[in-house]
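Peer 1:
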Amino acid sequence: MSVNLQIILGRVGQEPIIRHIDGGRTVAAFSVATSEKYKNKAGEMIENTEWFNIVCWQGIAEFCDKYVKKGAQIYVEGKTTHTEYTDKDDIKRYKVEVVAHKIDLIDWPDKNPSPNYHAPENRPQNAYQQEPVQPDVMDDDSNVLPEGDDLPF
-9 MSVNLQIILG RVGQEPIIRH IDGGRTVAAF SVATSEKYKN KAGEMIENTE
41 WFNIVCWQGI AEFCDKYVKK GAQIYVEGKT THTEYTDKDD IKRYKVEVVA
91 HKIDLIDWPD KNPSPNYHAP ENRPQNAYQQ EPVQPDVMDD DSNVLPEGDD
141 LPF
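In the working numbering, the protein residues as written are -9 to 143.
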């Protein structure tokens, strides 16, 4: 058994970028910042900020398009993914993202909308959750594990 679960509680760093790709699938991408404060040995207050790239698919992406705004405090659950690719200049790049399967809005930068206003039916207030959706790289059989004794581990 194994687990790949990332939980992030932080502030949205940019408006979500929404794209509609092959077959009408929707994908959203945005960043979330988390911060921690502590005093160093000299007694100075230090603040560390970590940034996370978030990717959402289908219904959760559409939810983000409507309700996730820069500055909002947000709770994200998802899995961490690592991608290697070659850019247009033929340089190998690496990307780490959290593919979200649950989003919960903790507060709103604009306090006007009611938290109940955006909650989809049959969902907890302020939350949107869906079954994990596999990204495009999983659309072929190249990532299917062999059956039986041929498992690589």
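All C-beta atoms in this analysis are idealised placements derived from N, C-alpha and C, irrespective of residue type, glycine included.
These numbers were taken from a predicted model, which means no experiment stands behind them.
Ordered along the chain, which non-local residues of its own chain (more than five positions away) have a Cβ less than 6 Å from that of Y84?
Peer 2: E74
Peer 1: Within 10 angstroms of its Cβ, does W41 collect 16 or more other Cβ (buried), or is it exposed?
Peer 2: exposed
Peer 1: Pull up the CB-CB distance for Q63 and D97, whole angstroms please, since I reckon it's below 8 Å.
Peer 2: Right, their Cβ atoms sit about 5 Å apart.
Peer 1: Hey, out of V2, L(-5) and Q(-4), whose CA is closest to L95's CA?
Peer 2: Answer by Cα proximity: V2.
Peer 1: Per DSSP, what kind of secondary structure is E34 in: helix, strand or coil?
Peer 2: Judged by DSSP in its simplified three-state form, E34 adopts coil rather than helix or strand.
Peer 1: Should I93 be labelled buried (16 or more other beta-carbon atoms within 10 Å of its own) or exposed?
Peer 2: buried
Peer 1: If you draw a straight line from the C-alpha of A18 to the C-alpha of A32, how long is it?
Peer 2: 43 Å
Peer 1: Residues bridged to V2 by DSSP?
Peer 2: In DSSP, V2 forms a bridge with V22.
Peer 1: For the alpha helix (DSSP H) that contains A62, what are its first and last residues?
Peer 2: First-last for A62: undefined, no H or E at that position.
Peer 1: Quick check on DSSP: helix, strand or coil for D97?
Peer 2: coil
Peer 1: Specify the secondary structure class of K85 as computed by DSSP and reduced to three states.
Peer 2: strand
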